[in-house]
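To keep things clear, I will list the structure first and then write my remarks on it.
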Amino acid sequence: MKREAPAARLPITTIVARNSCPICVALREFHNDLVKHLEPDDCGTFCNTHAWAIARAAPAESVATIFLRAVINPEWRAVARAPNQCDFCKKLHEEKELRLNEIAQQLGDPQLRYWLRDYGMFCLRHGRDVTGKLPQDLPRTIQELMARNSGEIVEILEDLLQQLKRGSHAGGGVLGRAAEFLVAQRGIED
Ligand SMILES: [Zn+2]
Ligand SMILES: [Zn+2]
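Put into structure tokens, the structure is as follows:
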């Protein structure tokens, strides 16, 4: 499939300034764009998650064509949610590798590195992924960032537990934040 760079594709250095994991943000935007502009030939195999994602948000004509081909093909089966099985998962995985390499390269700039260490955020999964891509002494910055991130999550969770003991029913935002840190944003990766 040939595909133009989606209009929504922001440079990673812009995304890091948001209060979320930049890889999660980039993948979410990529995913939304892919679904929104889905062509009938973009996917033949898909997992449960991505069948529902396109049913909900992709152009109806493309989805109807894709689903029809599947239904009339006696060999067709839903596949596992994995890059080597689902066409969607595969595209997401390729974009992730691209973005990880992009950010690893940008981290050669000490200014960005120190800014990230002090203010940035990565989810656990993508923080580890980025660390694995960095040469020599650079991983330490990301490890420091991750330590700060997990310290912040511990703090807000302990705070929440205290509040709950006092009978407060708040907490959705904090729990979502912790989930985002632990397992990446909803629907991004298993
Ligand atoms: Zn992430
Ligand atoms: Zn999938």
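If you're matching positions, the sequence shown starts at 394 in our numbering and goes up one per residue. Quick reminder that beta carbons are idealized off the backbone N, C-alpha and C, glycines included.
- Message: Any residue with its Cβ nearer than 7 Å to a heavy atom of ligand 2 should be included. What is that list in chain order?
- Response: Phe439, Cys440, Thr442, His443, Arg474, Cys479, Phe481 and Cys482
- Message: Going by DSSP in three states, Cys516 sits in which element: helix, strand or coil?
- Response: By one-based count along the sequence shown, residue 516 stands at place 123. Three-state DSSP puts Cys516 in coil, outside helix and strand.
- Message: If you reduce the DSSP assignment to three classes, tell me which class Val428 lands in.
- Response: Position 35 of the sequence shown, counting from 1, holds the residue named residue 428. The answer is helix: DSSP assigns Val428 an H, G or I state.
- Item | Check your reading: residues with Cβ closer than 7 Å to ligand 3 heavy atoms | For the structure depicted, ligand 3 is absent and the ligand set comprises only ligand 1 and ligand 2.
- Take Cys516 and list the residues in its own chain whose beta-carbon comes closer than 8 Å to its own, dropping the five residues that flank it on each side. The residue given as residue 516 occupies position 123 in the sequence shown. Contacts found: Cys414, Ile416, Cys417, Glu573, Phe574, Leu575, Val576, Ala577 and Gln578.
- Would you mind sorting Asp434 into buried or exposed? The rule is 16 or more other CB atoms within 10 Å of its CB. Here the question's residue 434 lines up with position 41 in the sequence shown. Counting Cβ neighbours within 10 Å, Asp434 comes out exposed, since fewer than 16 surround it.
- Taking the continuous alpha helix (DSSP H) assigned at Leu557, which residues delimit it? The count along the sequence shown starts at 1 and reaches residue 557 at position 164. Pro532 to Lys558 is the extent of the alpha helix (DSSP H) around Leu557.
- Message: For Ser561 and Asp552, I'd like the C-alpha separation in whole angstroms.
- Response: As a first step, residue 561 must be located in the sequence shown, where it is residue number 168. As a first step, residue 552 must be located in the sequence shown, where it is residue number 159. One C-alpha to the other measures close to 11 Å.
- Taking the alpha helix (DSSP H) that Glu487 falls in, what are its first and last residues? Walking along the sequence shown from the start, residue 487 turns up at place 94. Residues Asp480 to Gln499.
- Task: Tell me, to the nearest whole angstrom, how far the beta carbon of Ile549 is from that of Arg421; I am working on the premise that it is less than 8 Å.
- Result: What you label residue 549 is simply residue 156 of the sequence shown in a count that begins at 1. What you label residue 421 is simply residue 28 of the sequence shown in a count that begins at 1. With a Cβ gap of about 22 Å, Ile549 and Arg421 do not count as contacting.
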